[in-house]
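Since the structure comes first, as C-alpha cells, the remarks are kept for the end.
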Amino acid sequence: QIDSINYKYSKVKATNYIIEQAKKNQVVIINEAHHNSFHRVFTKSLLKKLFENGFTNLGFEALSHKDSLVNSRKYPIQKTGQYITDPPFWNLIREALEIGYTLFHYETKISGSGIESREKEQAKYIQKVSESKPNEKFLIHCGFDHNLEGIHPTWGNTMASRLTEYTGINPLTINQVAY
52 QIDSINYKYS
62 KVKATNYIIE
72 QAKKNQVVII
82 NEAHHNSFHR
92 VFTKSLLKKL
102 FENGFTNLGF
112 EALSHKDSLV
122 NSRKYPIQKT
132 GQYITDPPFW
142 NLIREALEIG
152 YTLFHYETKI
162 SGSGIESREK
172 EQAKYIQKVS
182 ESKPNEKFLI
192 HCGFDHNLEG
202 IHPTWGNTMA
212 SRLTEYTGIN
222 PLTINQVAY
C-alpha cells in the first residue's frame, strides 16, 4: 500500500503548498484545537509569507472585543482573550502585529441561540469587515470545525460555508485538527 501511495502521490512541504494556494485566494481560514499549542505555532510559521502575498488582516475567534487597543499597542495583554494567554498564542499575536497585520475579532454576542446562530454571526461579522476592505486579503484563525466547508453533521452550515454564502468568496481552508 505504501508503495502504491508513493507512486501515485508526491510529498510536498505543507507551508510551500499553502502559500502557493493562498496566492489564488482572498480568504484563508485555518483552524486549531484550542488545547493544542502546536497549531498556533504552525499558523505563526505562515504569517510572514502570507503577508508578503498580500494578507494584511488577521481575524481571531479567540480575540476579545474588550481589547480595542491591541493593534496600536502591538502586543497582547490578559484581556486580549482567554486562549491568547497561552505562550504560543501570545507569540502568534505579537509576531502578527510586528509583521504589520491588522487584527480583528469576529466572535460576537450571539443574537440567537445555539451553534448555528453562532456560525451565522461569525460569518456576518467577517463579511462586514471584509466589505469595509474590499481589495484586501484575510487570514482567519478559528477553533475546531468552524472552517469546514459545507454542513457539519450536528450543527448545520459552518462559519466558512456561511461566509461563502454571504460573500461569494470560496476560502482556502486548512484543517489542523483532523490529523
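Going by our numbering, the first residue of the sequence shown is number 52, and it counts up by one from there. C-beta: ideal position from N, C-alpha, C; glycine also.
Alpha-carbon to alpha-carbon, residue j and residue i
{"i": "residue 201", "j": "residue 180", "result": "22 Å"}
{"i": "residue 191", "j": "residue 62", "result": "26 Å"}
{"i": "residue 106", "j": "residue 143", "result": "15 Å"}
{"i": "residue 234", "j": "residue 137", "result": "Outside the displayed range of the chain (52 to 230) lies residue 234, so it cannot be described from this structure."}
{"i": "residue 55", "j": "residue 109", "result": "40 Å"}
{"i": "residue 223", "j": "residue 149", "result": "24 Å"}
{"i": "residue 166", "j": "residue 58", "result": "42 Å"}
{"i": "residue 60", "j": "residue 156", "result": "38 Å"}
{"i": "residue 74", "j": "residue 189", "result": "12 Å"}
{"i": "residue 95", "j": "residue 111", "result": "13 Å"}
{"i": "residue 213", "j": "residue 171", "result": "6 Å"}
Residue i - partner residues in DSSP beta bridges
{"i": "residue 225", "result": "81"}
Secondary structure of residue i, DSSP reduced to three states
{"i": "residue 129", "result": "helix"}
{"i": "residue 134", "result": "helix"}
Starting from the N-terminal side, write out each stretch of the beta strand (DSSP E) that is 3 residues or longer and does not extend beyond the stretch 57-127.
Within the stretch 57-127, the complete beta strand (DSSP E) runs of at least 3 residues are 78-83 and 106-111.
Ranges of the alpha helix (DSSP H) found wholly within the stretch 151-219, counting only runs of at least 4
Runs of the alpha helix (DSSP H) lying entirely within the stretch 151-219, each at least 4 residues long, are 166-183 and 210-218 in chain order.
If contact is defined by three or more beta carbon pairs under 8 Å, each pair taking one atom from either stretch, is the stretch 71-88 in contact with the stretch 115-126?
No, they do not touch.
For the stretch 210-220 and the stretch 167-186, state whether three or more C-beta atom pairs, one from each stretch, are separated by less than 8 Å.
A contact exists between the stretch 210-220 and the stretch 167-186.
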